[in-house]
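Note sheet for the following structure.
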Amino acid sequence: MNLLFSRALENEDATVAMGRQLADVLHLGGVIYLKGDLGAGKTTLSRGIVQGLGHTGKVKSPTYTLVEPYELERVNIYHFDLYRLGDPEELEYMGIRDYFSPETVCIVEWPDKGTGFIPKPDLAIEMRYVGDAREIAISACSSRGQELIEKLQSDENK
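Numbering (full-length UniProt numbering), first residue to last: 1 to 158.
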């Protein structure tokens, strides 16, 4: 299960647009892991996803709150940033399992810090610097993830 989708992202607008494209295929829910160095565009991509799913307000980074909820008409989105998490067991105390269901979209930045307390992803996204631009690589980690990547590829070829 290692279907891959990749693309160069030349600037912030391209990163937000990629997030919106992901939103088009994520409308039925999914778990996304976002990996990459600080400043690689994880929160910018998340903004595109959240806005693409219908949120019209500001999209904040949950760096200090651990989770930023967006309860929308069509779908609930939970954006996690585990960068400042001291101990993964803290996630159990905040009721982390209650956020994850088949109908929600859960975006998890720095997922390695929550190992053992968060479900496996449908999509694992790696963002990295390539010169002044960035590159995104999306891997399927479940059959649902594979369906999502196939839809992304199909939309690309239209």
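All residues carry an ideal CB built from backbone N, CA and C; glycine is no exception.
| query | result |
| --- | --- |
| Return the CA-CA distance between Ile125 and Leu45, expressed in angstroms with no decimal places. | 10 Å |
| Asp81: which of Leu53, Val75, Ile107 and Glu71 sits nearest, CA to CA? | Ile107 |
| Assuming Gly19 and Gly48 make a contact with CB atoms under 8 Å, what is their CB distance in whole Å? | 2 Å |
| Which value, in whole angstroms, describes the spacing of the CA atoms of Gly54 and Leu148? | 19 Å |
| Between the stretch 31-46 and the stretch 108-117, do three or more beta carbon pairs fall short of 8 Å? | yes |
| Go ahead and pull the three-state DSSP assignment for Met18. | helix |
| Quick check: what's the CA-CA separation for Val130 versus Phe100? | 33 Å |
| What residue does the beta strand (DSSP E) around Arg7 start on, and which one ends it? | Leu4 to Leu9 |
| Of all the alpha helix (DSSP H) runs that stay within the bounds of the stretch 38-88, which reach a length of 4 or more residues? | 42-52 |
| In three-state DSSP terms, what is residue 179? | No information on residue 179 is available, as it lies outside the stretch 1 to 158 that the chain covers here. |
| Tell me whether Arg128 is buried or exposed, calling it buried when 16 or more other Cβ atoms sit within 10 Å of its Cβ. | exposed |
| Figure out for me which residue from Asp132, Ser139 and Thr104 has the closest Cα to the Cα of Glu10. | Asp132 |
| To the nearest angstrom, how far is the alpha carbon of Ala17 from that of Ile96? | 29 Å |
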